[in-house]
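Step one of this worksheet: look at the structure below.
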Amino acid sequence: MISTQKSFEKKEQGSLYLVPTPIGNLDDMTFRAIQILKEVDYIASEDTRNTQKLLNHFDISTSQLSYHEHNTNERTPQLIEKMLNGQSVAQVSDAGMPSISDPGVELVKAAIESGITVVPLPGPNAALTALIASGLTPQPFYFYGFLPRKKKDLVASLVDLNKREETLVFYESPHRIKQVVEQMVIVFGAERQIVLAREVTKRFEEFVRGTAPDVLEWLENEQIRGEFVLIVEGNSDIEEEAPQSWESLSLKDHVEELMENQDLPSKKAIKEVAQLRGLQKREVYAAYHEINE
28 MISTQKSFEK KEQGSLYLVP TPIGNLDDMT FRAIQILKEV DYIASEDTRN TQKLLNHFDI
88 STSQLSYHEH NTNERTPQLI EKMLNGQSVA QVSDAGMPSI SDPGVELVKA AIESGITVVP
148 LPGPNAALTA LIASGLTPQP FYFYGFLPRK KKDLVASLVD LNKREETLVF YESPHRIKQV
208 VEQMVIVFGA ERQIVLAREV TKRFEEFVRG TAPDVLEWLE NEQIRGEFVL IVEGNSDIEE
268 EAPQSWESLS LKDHVEELME NQDLPSKKAI KEVAQLRGLQ KREVYAAYHE INE
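Going by the working numbering, the sequence shown opens with residue 28, and the numbers climb by one from there.
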């Protein structure tokens with residue numbers, strides 16, 4: 028069922044405002060964001076202590092309520108009730124856009140389901156800010172966020188991402204960035220261009236550009252500090268998977284080919300054909316023996 032929202036149509040209930048906050052430089056806070064934070068009844072903050080520093084800087088006295096990954100089940104219905112009763116809420120994360128690798132999506136979904144107006148404000152975003160200065164093709168791009176922590180899952184994700192032609196964008200911590208780039212060298216190859224954007228918009232903002240091995244060497248000789256946006260050139264040499272030689276064969280012909288080429292008895296050949304094609308063994312058996320089911 029379709030639903031529509033006129034964001035600035037007057038309603039008795041309150042609204043949910045999604046307010047981006049600076050990712051480093053406080054001067055990136057917009058006039059509108061400051062005004063909204065002053066006007067709403069509550070600010071739902073990922074970390075109230077961190078947000079309070081921002082509020083103090085801009086002389087904002089609005090009350091805060093904590094809203095983070097560990098209390099969403101409890102806090103979401105409380106915030107929804109407040110908005111249904113006519114109070115407005117602004118949601119902020121510690122830095123950047125709410126919901127982008129930060130808490131937020133649960134509250135947005137609940138607000139929409141309750142018919143509450145959700146109003147997004149434009150503002151700071153580390154991924155896009157780094158992307159436009161990377162020197163790599165900015166569109167199309169594929170934003171992934173944080174890669175899996177376990178090595179097995181990390182490698183599996185990179186193998187899958189290696190099939191993409193778009194520029195890839197990741198977030199990574201200083202503790203894991205070297206491990207991630209090491210695996211990228213192995214999976215993506217030595218020619219892939221990588222850009223590390225460190226401490227974007229902050230005093231020590233830095234961009235490191237080069238091939239995957241070059242960037243890895245830089246990491247090995249650097250004292251790694253700060254949060255990273257990792258941008259990777261897309262794969263421009265994706266090989267199309269060759270069609271299986273048996274795709275044009277009937278089930279009977281496929282069984283007979285395996286029997287001849289691999290010297291298999293019909294029972295084993297039928298079993299292998301079923302596995303290759305994702306079929307029931309009895310279906311292949313019936314086709315081979317020309318049994319009409």
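Note that beta-carbon positions come from the ideal geometry of N, C-alpha and C, so glycine has one too.
Can you look up residue 185 in the DSSP assignment and give me helix, strand or coil?
Residue 185 sits at position 158 when you count from the first residue of the sequence shown. If DSSP states are grouped into helix, strand and coil, residue 185 belongs with the helices.
Should residue 173 be labelled buried (16 or more other beta-carbon atoms within 10 Å of its own) or exposed?
For the purposes of this step, residue 173 is taken as residue 146 along the sequence shown, with counting starting at 1. So residue 173 ends up on the exposed side.
Whole angstroms are fine: how far does the CA of residue 286 sit from the CA of residue 293?
The count along the sequence shown starts at 1 and reaches residue 293 at position 266. The count along the sequence shown starts at 1 and reaches residue 286 at position 259. If you take the alpha carbons of residue 293 and residue 286, they lie about 6 angstroms apart.
Measuring only the C-alpha atoms, how far is residue 45 from residue 233?
To locate residue 45, count along the sequence shown from 1; it is residue 18. To locate residue 233, count along the sequence shown from 1; it is residue 206. The alpha-carbon atoms of residue 45 and residue 233 are separated by roughly 29 angstroms.
Go to residue 194, then tell me how far its alpha helix (DSSP H) extends in each direction, as first and last residue.
Locating residue 194 in the sequence shown gives position 167, counting from the first residue. No alpha helix (DSSP H) contains residue 194, which is instead part of the beta strand (DSSP E) from 194-199.
Unbroken beta strand (DSSP E) runs of length 3 or more, entirely within the region 205-263: which are they?
Within the region 205-263, the runs of beta strand (DSSP E) at least 3 residues long that lie entirely inside it are, in chain order, 220-225, 233-238, 255-259.
State the start and end residues of the unbroken alpha helix (DSSP H) segment that holds residue 282.
To locate residue 282, count along the sequence shown from 1; it is residue 255. Residues 278-288.
With three or more beta-carbon pairs closer than 8 angstroms as the criterion, would you say the region 175-185 touches the region 144-155?
Too few Cβ pairs lie closer than 8 angstroms, so no.
I'd like to check one pair, residue 237 with residue 251: are the Cβ atoms closer than 8 angstroms?
The sequence position of residue 251 within the sequence shown is 224, counting from 1. The sequence position of residue 237 within the sequence shown is 210, counting from 1. Contact flag unset, no.
Buried or exposed for residue 84, please, with buried defined as at least 16 other CB atoms from any protein chain shown within 10 angstroms of its CB.
Your numbering for residue 84 matches position 57 in the sequence shown. Label assigned to residue 84: exposed.
Touch check for the region 89-98 and the region 126-141: three-plus C-beta pairs under 8 angstroms?
yes
Here's a check: name, in chain order, each residue in its chain whose Cβ is nearer than 7 angstroms to the Cβ of residue 319, leaving out the five neighbours to either side.
Position 292 of the sequence shown, counting from 1, holds the residue named residue 319. Answer for residue 319: no residue qualifies.
Is it buried or exposed for residue 225, if we count other Cβ within 10 angstroms and need 16 for buried?
What you label residue 225 is simply residue 198 of the sequence shown in a count that begins at 1. Burial call: buried.
Any idea what DSSP makes of residue 127, helix, strand or coil?
Start at 1 with the first residue of the sequence shown, and residue 127 comes out as number 100. In the structure shown, residue 127 sits in coil (DSSP, three-state: anything other than H, G, I, E or B).
On the CB-based measure, 16 or more other CB atoms within 10 Å of its CB, does residue 31 come out buried or exposed?
Start at 1 with the first residue of the sequence shown, and residue 31 comes out as number 4. Counting Cβ neighbours within 10 Å, residue 31 comes out exposed, since fewer than 16 surround it.
Quick check: what's the CA-CA separation for residue 164 versus residue 290?
Here residue 164 corresponds to residue number 137 of the sequence shown, with the count starting at 1. Here residue 290 corresponds to residue number 263 of the sequence shown, with the count starting at 1. Their Cα atoms are separated by approximately 52 angstroms.
Between 73, 109, 78, which lies nearest to residue 56 when the distance is taken from Cα to Cα?
Locating residue 56 in the sequence shown gives position 29, where the first residue counts as 1. By alpha-carbon distance to residue 56, the top candidate from 73, 109, 78 is 78.
In terms of residues, what are the limits of the alpha helix (DSSP H) holding residue 170?
Translated into the one-based positions of the sequence shown, residue 170 becomes position 143. Not the alpha helix (DSSP H): residue 170 falls in the beta strand (DSSP E), residues 168-173.
Are the Cβ atoms of residue 116 and residue 64 separated by less than 8 angstroms?
Here the question's residue 116 lines up with position 89 in the sequence shown. Here the question's residue 64 lines up with position 37 in the sequence shown. No; because the gap between Cβ atoms is not below 8 angstroms, this pair is not in contact.
By a C-beta neighbour count over all protein chains shown, 10 Å radius and 16 as the cutoff for buried, is residue 269 buried or exposed?
In the sequence shown, counting from the first residue as 1, residue 269 sits at position 242. Note that residue 269 scores 48 on pLDDT, short of 50, meaning its location in the model is unreliable; the coordinates nonetheless yield the value given after this. Its Cβ having fewer than 16 others within 10 Å, residue 269 is exposed.
Expressed to the nearest angstrom, what Euclidean distance is found between the alpha-carbon atoms of residue 191 and residue 259?
What you label residue 191 is simply residue 164 of the sequence shown in a count that begins at 1. What you label residue 259 is simply residue 232 of the sequence shown in a count that begins at 1. Each residue's alpha carbon lies about 11 angstroms from the other.
On the criterion of 16 or more Cβ atoms from any shown chain inside 10 Å, does residue 303 qualify as buried, or is it exposed?
To locate residue 303, count along the sequence shown from 1; it is residue 276. Exposed, by the Cβ-count rule.
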